[in-house]
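J.: Pasting a structure here, questions to come.
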Amino acid sequence: MGFASDWKSAKTTFETATGKKKPSAKFMGVFHKSGLEDVTKALDTALGKSDAKALEKALLDYVKSATAYQTTLEKSAKAEGVATIAAELKKLGQALDDIGRRAGVAVNERIAEMREDAETEKAKEVEEQGKAARAIADKTAVQIDGLLKTANADVKLLDQAAANADLALRNVLEAQGAGNAKEAKAQAAAVQTAAKAVDTQAKKIAATATQAAKLFSQGKAAVAKMKLDPKQFGGRDPAQGAFDRADGIVMKLDQMKDEAAEAAVEAAGIVKEAAQALKGALDLRATYLASCRKLAKRAQDADSLYDTVARDVGGQADRAQQEQMVAAEATEDDKRAASIKTATFYITQVRQQAAQAKKEILAAANEITGTRKSFPAMVSDKDPDFGPLLAEAKVSLDGLKESHAALTKAETKIDKVETALKKLG
Numbered sequence: 001m002g003f004a005s006d007w008k009s010a011k012t013t014f015e016t017a018t019g020k021k022k023p024s025a026k027f028m029g030v031f032h033k034s035g036l037e038d039v040t041k042a043l044d045t046a047l048g049k050s051d052a053k054a055l056e057k058a059l060l061d062y063v064k065s066a067t068a069y070q071t072t073l074e075k076s077a078k079a080e081g082v083a084t085i086a087a088e089l090k091k092l093g094q095a096l097d098d099i100g101r102r103a104g105v106a107v108n109e110r111i112a113e114m115r116e117d118a119e120t121e122k123a124k125e126v127e128e129q130g131k132a133a134r135a136i137a138d139k140t141a142v143q144i145d146g147l148l149k150t151a152n153a154d155v156k157l158l159d160q161a162a163a164n165a166d167l168a169l170r171n172v173l174e175a176q177g178a179g180n181a182k183e184a185k186a187q188a189a190a191v192q193t194a195a196k197a198v199d200t201q202a203k204k205i206a207a208t209a210t211q212a213a214k215l216f217s218q219g220k221a222a223v224a225k226m227k228l229d230p231k232q233f234g235g236r237d238p239a240q241g242a243f244d245r246a247d248g249i250v251m252k253l254d255q256m257k258d259e260a261a262e263a264a265v266e267a268a269g270i271v272k273e274a275a276q277a278l279k280g281a282l283d284l285r286a287t288y289l290a291s292c293r294k295l296a297k298r299a300q301d302a303d304s305l306y307d308t309v310a311r312d313v314g315g316q317a318d319r320a321q322q323e324q325m326v327a328a329e330a331t332e333d334d335k336r337a338a339s340i341k342t343a344t345f346y347i348t349q350v351r352q353q354a355a356q357a358k359k360e361i362l363a364a365a366n367e368i369t370g371t372r373k374s375f376p377a378m379v380s381d382k383d384p385d386f387g388p389l390l391a392e393a394k395v396s397l398d399g400l401k402e403s404h405a406a407l408t409k410a411e412t413k414i415d416k417v418e419t420a421l422k423k424l425g
């Protein structure tokens, strides 16, 4: 049922009520030329669509047509002297007014509904845009984090190659000192091989840093094209958090690139030193002093790295324990299950990361200890030049032991957490 039907009903009611009173044919001719059939149909059609302007026009057209129609009928009735149907005319007018009133309400409600739908749709659109922006930023961050892992692996290879170059240089000196020219040349060749490896790894790290910067720029550009309004997201770009993390990694990779380039320059310098050593033109003490400085730096870098790793792993073990406690106290099954799931995730993370870090710590400690033992007697703890550097290396070595112990402690903690979780079923 619609307003066209309402008008048809009002029209039929009027005709039935006035039939016995037999209004003049001229009056009835005016009556039948209302034009309201078209405007009420247009009103019904507009209400079924989502065009506010069309709705307002349809309502206005009805009001104008109904008003003009009533005025015309009243004039015709007066001219034809059909006062006997005054009551019926009044009822017809009331029916037309009622249609107009209800049409106004219907139009206003429809427009309000359309606005609400539009706002809901806009909110959904904003939400989807936010999700899309976060997805781009998250993907960018994950890709760049993957590049960091690649670069870290290359840095380890670079550090090992640099240590090999330094060791080979010392071997050149020792062979020269022993009068073994053949071995000295062989070790000089080993210096060149190691230095080449350092340069290769430095170039890989530089390429990785460049790739990360490119990915970051592409991700930022993709989100910028979306033209997000921060006001719609509480004043903050929904992708900013992930991009901040990615930007931090890009800066770290850039720093790693610079450090790798410096290492390549140092390695090239060692090649020259090896050539000088073969000619007997190298200062032995200065060479070993440089080796001690490098050893102390490698030890400090390893200590700093694995101290950070141990703290992070320890934090994850604490989180696993906290989630286990939450699960134990939870009274709702879904909350208990969620906490158990989170705790299990951290247990797995701690196991994997602790095992890998402990393995790497032992390798680093063995390299530091082995290098120290390879130094000749002139490199003494009591020497005013060598002593402080060797002491620094020892402090860092002790730090590695502490990190190893902290990782073992974290493993013990998650073992207890896992046992407690099993009791929860």
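Note that the working numbering numbers the sequence shown so that position 287 is 287, with each residue one more than the last. Idealized CB from N, CA, C, for every residue including glycine. Keep in mind that this is a model prediction, so the values were computed, not measured.
Assuming residue 343 and residue 421 form a contact by the criterion Cβ under 8 Å, report the distance between their Cβ atoms to the nearest whole angstrom.
T.: Going by Cβ atoms, the distance from residue 343 to residue 421 rounds to 6 Å, so yes, they are a contact pair.
J.: If contacts are defined as beta-carbon pairs under 8 Å, then residue 209 and residue 254 qualify, I think. What distance do you get, rounded to the angstrom?
T.: Sure, about 5 Å apart at Cβ, within 8 Å.
J.: Roughly how many angstroms separate the alpha carbons of residue 292 and residue 323, rounded to a whole number?
T.: Distance between the alpha carbons of residue 292 and residue 323: 46 Å.
J.: Are there 16 or more other CB atoms within 10 angstroms of the CB of residue 238, so buried, or fewer, so exposed?
T.: Residue 238 should be labelled buried.
J.: Among 364, 313, 109, 369, which residue has its Cα nearest to the Cα of residue 349?
T.: Ranking the options by Cα distance to residue 349, first place goes to 313.
J.: With distances taken between CB atoms, is the gap from residue 426 to residue 403 smaller than 9 Å?
T.: The displayed coordinates of the chain run from 1 to 425. Any statement about residue 426 would go beyond what the structure contains.
J.: Among 110, 214, 303, whose alpha-carbon lies nearest the alpha-carbon of residue 362?
T.: It is 303.
J.: Within the continuous alpha helix (DSSP H) that includes residue 282, where are the two ends?
T.: Run containing residue 282: none; DSSP gives neither H nor E here.
J.: So, for residue 72: in the same chain, excluding its five sequence neighbours on each side, which residues have a beta-carbon less than 7 Å away from its beta-carbon?
T.: Taken in chain order, the residues that qualify are 30.
J.: If I'm right that residue 365 touches residue 309 with Cβ under 8 Å, what's the distance once you round it to whole angstroms?
T.: At roughly 14 Å, the Cβ-Cβ gap does not stay under 8 Å, so residue 365 and residue 309 are not in contact.
J.: With distances taken between CB atoms, is the gap from residue 172 to residue 162 smaller than 9 Å?
T.: Going by C-beta atoms, residue 172 is not nearer than 9 Å to residue 162.
J.: Would the beta-carbon of residue 212 fall within 9 Å of that of residue 157?
T.: No, the pair does not count as a contact, with Cβ atoms beyond the cut-off.
J.: If contact is defined by three or more beta carbon pairs under 8 Å, each pair taking one atom from either stretch, is the segment 126-141 in contact with the segment 55-67?
T.: At 8 Å Cβ cutoff, the stretches do not touch.
J.: The alpha helix (DSSP H) that contains residue 84, what's its start and end?
T.: First-last for residue 84: undefined, no H or E at that position.
J.: Please report the distance separating the alpha-carbon of residue 18 from that of residue 121.
T.: Those two C-alpha atoms are separated by around 52 Å.
J.: Give the list of continuous alpha helix (DSSP H) stretches no shorter than 4 residues that lie fully inside the segment 174-254.
T.: DSSP runs (the alpha helix (DSSP H)) wholly in the segment 174-254: 181-224.
J.: Kindly list the residues whose CB is nearer than 8 Å to the CB of residue 252, restricted to its own chain and excluding five residues on each side of it in sequence; keep chain order.
T.: So the list reads 148, once near-sequence residues are dropped.
J.: Using only the heavy atoms of the ligand NAD, determine whether one of them is closer than 8 Å to the beta carbon of residue 365.
T.: Only the bare structure without any ligand can be found here, which leaves the ligand NAD out of the picture.
J.: Please report the distance separating the alpha-carbon of residue 32 from that of residue 91.
T.: Cα-Cα distance, rounded: 17 Å.
J.: Residue range of the alpha helix (DSSP H) that residue 490 falls in?
T.: What is shown of the chain runs 1 to 425, which leaves residue 490 out entirely.
J.: With a 10 Å radius around its C-beta and 16 neighbouring C-beta atoms as the bar for buried, classify residue 298 as buried or exposed.
T.: Counting Cβ neighbours within 10 Å, residue 298 comes out buried, since at least 16 surround it.
J.: What are the boundary residues of the alpha helix (DSSP H) that includes residue 45?
T.: Here the alpha helix (DSSP H) through residue 45 covers 36-47.
J.: State yes or no: is the C-beta of residue 95 within less than 9 Å of the C-beta of residue 10?
T.: Result yes, Cβ atoms of residue 95 and residue 10 sit closer than 9 Å.
J.: From the DSSP output, in three-state form, read off residue 393 for me.
T.: Residue 393 falls in the helix class under three-state DSSP.
J.: Under the rule that 16 or more other beta-carbon atoms within 10 Å means buried, what is residue 219, buried or exposed?
T.: Burial call: buried.
J.: Counting along the chain, where does the alpha helix (DSSP H) carrying residue 6 start and finish?
T.: 3-18 is the span of the alpha helix (DSSP H), which, as asked, contains residue 6.
J.: Do residue 137 and residue 241 come within 9 Å of each other at the CB atom, strictly closer than that value?
T.: Yes.
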